[in-house]
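Structure, as structure tokens:
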Amino acid sequence: MLHPLQIHSLYKGTLRVLLVLLHDFPEFLGDNHFSFCDVIPSSCIQMRNVILSAFPRNMRLPDPSTPNLKIDLLPEMHRSPHIFSEVDAALKAKQMKSDVDEYLKVMLVSYFLN
6 MLHPLQIHSL
16 YKGTLRVLLV
26 LLHDFPEFLG
36 DNHFSFCDVI
46 PSSCIQMRNV
56 ILSAFPRNMR
66 LPDPSTPNLK
76 IDLLPEMHRS
86 PHIFSEVDAA
96 LKAKQMKSDV
106 DEYLKVMLVS
116 YFLN
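Below, the structure written as structure tokens:
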């Protein structure tokens with residue numbers, strides 16, 4: 006059994022490594038965000054937020070306080086994100102692939118509620 010101080014040190018060390026990756030290699034975190042978030046426990050909110058805040062260096066984020074900002078008109082919204090993870094495998098492992106495929110065909114919001 007690990008001592009709580011050991012767990013805290015492991016968490017802090019992992020968070021520091023992720024912050025270095027965010028600073029030096031944000032594309033790596035962005036491209037592999039699905040794999041990382043799939044294995045990080047939901048209780049590690051700060052760790053997930055670090056990964057999900059990564060964006061490519063050549064991308065300029067819009068100012069969210071801009072009046073009348075139309076997100077759907079931004080050129081970045083028309084480019085698909087890079088995902089280097091096997092999303093299909095993750096959906097199959099959770100036995101959700103057929104449900105998601107069916108939803109994408111039918112596009113009914115209530116499909117998952119049944």
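Going by the working numbering, the first residue of the sequence shown is number 6, and it counts up by one from there. Every residue, glycine too, gets a C-beta built ideally from N, C-alpha and C.
Between residue 104 and residue 98, the alpha-carbon positions lie close to 13 Å from each other. With 16 or more other CB atoms across the displayed protein chains lying within 10 angstroms of its CB, residue 41 is buried. The criterion of a C-beta distance shorter than 8 Å is satisfied by residue 76 and residue 82. Taken atom to atom, the span from the alpha-carbon of residue 94 to that of residue 102 is near 9 Å. Rounded to whole angstroms, the gap between the alpha carbons of residue 47 and residue 64 is 28 Å.
With at least 16 other beta carbons inside 10 angstroms of its own, residue 56 counts as buried. DSSP places residue 86 outside both helix and strand once states are collapsed to three, so it counts as coil.
Residue 91 carries a coil assignment under DSSP once its states are collapsed to helix, strand and coil.
Taking the Cα positions, residue 6 is about 14 Å away from residue 13.
Considering only 61, 74, 24, the residue with the shortest C-alpha distance to residue 51 is 24. In this structure, residue 20 and residue 27 do not form a Cβ contact; the two beta carbons are roughly 10 Å apart against a cut-off of 8 Å.
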